[in-house]
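Have a look at the structure below, then the notes.
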Amino acid sequence: MTKRVAVTGSSGLIGGALRRHLTERGDEVVRVVRRPPSGPGEVQWDPSHGTLEEGALDGVDAVVNLAGVGIGDRRWNDEHKREVERSRTDATGTVAQALVAHQKRTGAAVRLVNASAVGYYGDRGEERLTETSPPGRDFLSGVVVRWEAAAHPAVEAGIPVAFTRTGLVMARRGGAFEQVVRLGRLGLGGPMGTGREWWPWITLVDEVRAITHLIDHPELVGAFDLTAPGAARQSEIAAAIGKALSRPALVPAPRFALRAVLGEFADYVVASQRVEPAALLASGFTFEHPDLDSAVSWLVQR
């Protein structure tokens, strides 16, 4: 059966790919936008003021909330850190309250798939992490905890909510990996930090497929790690990309150099998170790119 899905953040890397995927399979996508709507497939909201256009959720089967400023869009400072958190909690709180109001008015509980991140876990070294692991204690961990908590009004109202704790998304265009591959083509794609850090990755293909899986199965609630089961160290990822490009991947980028460019965000680039998608696999989801070789082969194709 076709679905009507409202998507916030639909112009971003994941949102744009999800919108195309849902449309191609025959679903109707409603874009939730900040500007005045330009057509019948759009509704307006203002998350900074907690408002969503009246009737925006009528006839909607699911909402996918991907809104939030890019974490690595620019060098971190106090202002950007506040915006990273505020943009996420405001958006999630606005969606949650709108869903509760819609349920009270119509009696219908609309499915919510809300973005989250593996930043929840913090830098954990060699520890194996699943959805049952406790949060970390750094800034980004706190942001994700409060981000997910902003959806609690919907959870408490009995609305089926899933949180997608997404890892590093491998995409051919956009996102961090586009730059990694670009450096790799120049023979500059060496490891970052020590190279022994675990990087929780997922291809954009599987990210979109996993979100769609959660849309289609509203009985699945709680947190889901959207990371591939083929966990790898950062040096292994750099080597795999170099091998696929027939380029060396030997020269590391030390932490102090990354911090000079990225500020505090550099500490999260070289964080170690050995995240396993336990809940997603238990739900019956299968990955198109479950291992590093298949993922990198897809990634470097022009």
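Each residue of the sequence shown is one higher than the one before, starting from 1192 at the first, in my numbering.
Yeah, the Cβ is synthetic: ideal placement off N, Cα and C, and Gly gets one too.
Bear in mind that the values here come from a model prediction, so they are computed numbers and not experimental data.
Taking the Cα of Asp1249 as reference, the smallest distance to any Cα among Asp1416, Arg1319, Ala1353, Arg1195 is reached at Arg1195.
Linking Ala1353 to Arg1279 through their CA atoms gives a straight-line distance of about 16 Å. A Cβ-Cβ distance of about 20 Å is found for the pair Gly1386 and Ser1437, leaving them out of contact under the 8 Å criterion. If you look at Gln1235, you'll find it in the beta strand (DSSP E) that goes 1233-1237.
About 4 Å separates the Cβ atoms of Arg1302 and Pro1409, confirming a contact at the 8 Å cut-off. For Gly1413, the secondary structure class from DSSP, reduced to helix, strand or coil, is strand.
Counting the other Cβ atoms within 10 Å of the Cβ of Met1192 gives fewer than 16, which makes it exposed. In the structure shown, Leu1320 adopts extended strand secondary structure according to DSSP, grouped into three states. Relative to Gly1384, the option among Ser1463, Gly1365, Arg1337, Gly1259 whose CA is nearest is Ser1463. Under the three-state reduction of DSSP, Ile1432 is assigned to helix. Of all C-beta pairs linking the stretch 1414-1434 to the stretch 1265-1276, fewer than three are shorter than 8 Å, placing the two stretches out of contact. DSSP, read as helix, strand or coil, puts Glu1219 in strand. As computed with DSSP, Phe1354 is found in a beta bridge with Asn1305, Ala1414. Assigned with DSSP and collapsed to three states, Thr1199 falls in strand.
Following the DSSP letters along the chain, one finds Ala1253 inside the beta strand (DSSP E) bounded by residues 1253-1256.
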